[in-house]
Amino acid sequence: MRCLCLGLFSVALASLASAQQTVYRATSVTTSSFGPGGVGSAWNGQPDFSQWTAWPERGSQVTLTQASVVTELTVFYREVGPMTGAERVIVRVYANDGPNSNGDGTNTPYASPGTLLWTSTPQTVRPGDRVLRLTVPSVSFPTNVTVTAQFSGGNLGVGPFDPNNAPTRGGLRFHGTPQVGSLPANAANVNAPGLVWRRVFTAGGASTWGCDEPAASWPPFNPSTGWGFGVVVMSGDLSALPSPFDNQTNAIVPQFFLDFPYTDGTTGGTYDGVGARVSVEGPNRRLTSVNVLFGADTTANPGASFILRLWKPNDSDTASDQGRPGTLLWASPVQAIPDGLDPSSNPQFTVTIPIPNIVVPSEFCWTAEFSGLTGGAGALAGPYVRWSPAPGNSVNGLYQRNTSTGVWEGPFVFLPAGWTNGGPTFQFEINAKLDAKFTGANPETTVVPTSFSLVFGRQDAGNLASLSAVDGDSLRVCRFIVPNATVPPVRVQVDSTVGLSQLETLVFSLHSRMVHAGAFALELELFDFASGQYRDLTSSSLGTAFVTRSVVGGGTVNDFLGAGGALRARYSVRSVGPTAVAAWCHEVDQANWVAAP
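As structure tokens, then:
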């Protein structure tokens, strides 16, 4: 059976203030259980799976410590099985201000998802455990929200859609008790706090929301704990976050180091390196240093050493390989392992290694490869293993390099002492991670237009320089002659170039307002150079106060990068109701792209 599981792993938000803080975090312990669509029978007024025409939209309700302005959202998902390349996932965030819905476990009413706060463009789904980082255009979130995901396309769009017996399925991975923030409180007789909302799709369209309580469709949990999907919510200026990945501040279980046997036959092993794939939090992906805690036994091995390497995960891996080290990004100089380390007394040592401003993807692999350890007594070395990093996160399990084949194998899941599975329906998937702290800077580049052209409308004031900064100098374009009623009366194309050969994220933003009162809609689009057309249209209402609106590049982001680093976008304005004057005008005080490699 093929399965796809997704865990909402990191939601980064910011209030655009200078301080940065976490307002919700629940990433401590993952489980092997997931729910592609919850129960398949009819409940809460939703039809059973025999009537489904697509996978349900499903997500976790969470309570933030405070309302925040969203600037970044990251989801962590897992895809297992063959793919066609057309699989997609859409992430949405709702305020829980909708009609009450009875929970299927206790018939307790809860306010369902109501106002749609934000929706992503369709994002490409890749095999294995993956991190998907999304930029959110400064959307205000209340404290009570639900974050959902919906999978479609390719093998994910082929039925049957039975969540318990399907050749293809997608679902959310469960995570543990929140360390910051909380889960909605359930009635006393429900096993654990935490609500999942779901709506299904049939030939008649989407159903109403159903409240899926853990007692009815989740695995059994300890009643004293809360369980939801892994979510991290941050507010403040993310560029001030100095460590995009830090696994040295959160040791839930006693730390231990990995036992590396070697190929001389003394201990029978075949590995000389270890690694892990991690996901960084926030925009600081231009790495400047790494601090790693190692353990070793070098009582009989003087002169041992290791090399630290950073890799791009292998996108061509099958799902079972889960993105082992692929393209090499950087290798450190040879690092000496101190002589005479004895596990019975003081086996550990810390190494801080400068990194020359290497820009890594939002997920990357790091490895430590050892030499000079000849086997037998005093032949052990490896990074310490710890639990959830703060900030950042990493894929469960570790990779090891086979000295005979040179191939990175894994991931292997390490079970620290004292941890066992919890039975056939609930098995811990240990979130073991190599112990490291990466520091870095923001690699994002802000690009202003180098030219603009009017497609529709009449230029009334301002020029190209008006688009470069928020300074009160605006480019004003007014309604003029239009060929027909279907085209927007105002449409402007802007162009520029960026000194990057590849992109991971691209956002186009417009700081603008209407000069005249009325009901107006602003549309933003990015130009896809691969297909030769605009796509990823976003539309929002616009009034007479200046606001910033953005469009986020989805799917294959490099399609928005043309020859020589070309960038292109356009904005359009149309009336959607009564207006104060016929020849209304629109002003733009700033237009720019934010691109990250």
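If you count the sequence shown from 1, position 168 lands on 702 in this note's numbering, and the numbers rise without skipping. Just so you know, even glycine gets a beta-carbon here, dropped at the ideal spot from N, CA and C. The model shown is predicted, which means the values in this text are computed figures rather than measured ones.
Query	Result
Starting from leucine 1044 and walking both ways along the beta strand (DSSP E), at which residues does that stretch end?	1039-1048
I need the straight-line Cα distance from proline 1112 to proline 1131, nearest angstrom please.	43 Å
State the start and end residues of the unbroken beta strand (DSSP E) segment that holds phenylalanine 990.	985-990
Can you give me the C-alpha to C-alpha distance between asparagine 976 and leucine 729, rounded to a whole angstrom?	36 Å
Could you please give me the residues that DSSP links to arginine 626 through a beta bridge?	Thr653, Thr682
Would you kindly work out how many angstroms separate the C-alpha atoms of valine 604 and arginine 612, rounded to a whole number?	24 Å
Reducing DSSP to helix, strand and coil, say where leucine 717 ends up.	coil
What are the boundary residues of the beta strand (DSSP E) that includes glycine 974?	970-975
If you check the beta carbons only, do arginine 667 and serine 896 fall under 8 Å apart?	yes
Assign glycine 1006 to buried or exposed, taking buried as 16 or more other Cβ atoms, counted over all protein chains shown, within 10 Å of its Cβ.	exposed
For the structure I just gave you, are there three or more beta carbon pairs, one from the stretch 687-698 and one from the stretch 573-585, closer than 8 Å?	yes
Less than 8 Å between the CB atoms is what I'm expecting for valine 623 and valine 659, so what's the real figure, rounded?	5 Å
With three or more C-beta pairs closer than 8 Å as the rule, is the stretch 833-844 touching the stretch 932-940?	no
Within the same chain, show all residues whose beta-carbon is closer than 7 Å to that of valine 885, passing over the 5 residues directly before and after it, in chain order.	Val826, Phe828, Gln869
Which residue marks the beginning of the beta strand (DSSP E) containing serine 1073, and which one marks its end?	1067-1076
Measuring CA to CA, which of Thr980, Ala970, Leu775, Pro633 is closest to leucine 1101?	Thr980
Report the partner residues of tryptophan 942 according to the DSSP bridge assignment.	Arg935
Is there a Cβ from chain C that is less than 8 Å from the Cβ of proline 776?	Absent from the structure is chain C; it holds one protein chain and no more.
Have a look at alanine 1114 and histidine 1120 and give me their C-alpha separation to the nearest angstrom.	13 Å
Below 8 Å between beta carbons: does that hold for valine 1016 and leucine 988?	no
Flag this pair as yes or no: are the beta carbons of valine 824 and isoleucine 887 separated by less than 8 Å?	yes
What is the rounded straight-line gap between the Cα of glycine 687 and the Cα of proline 661?	14 Å
Taking the beta strand (DSSP E) that arginine 811 belongs to, which residues open and close that run?	805-813
Using 8 Å as the threshold, is the C-beta distance between leucine 772 and proline 817 below it?	yes
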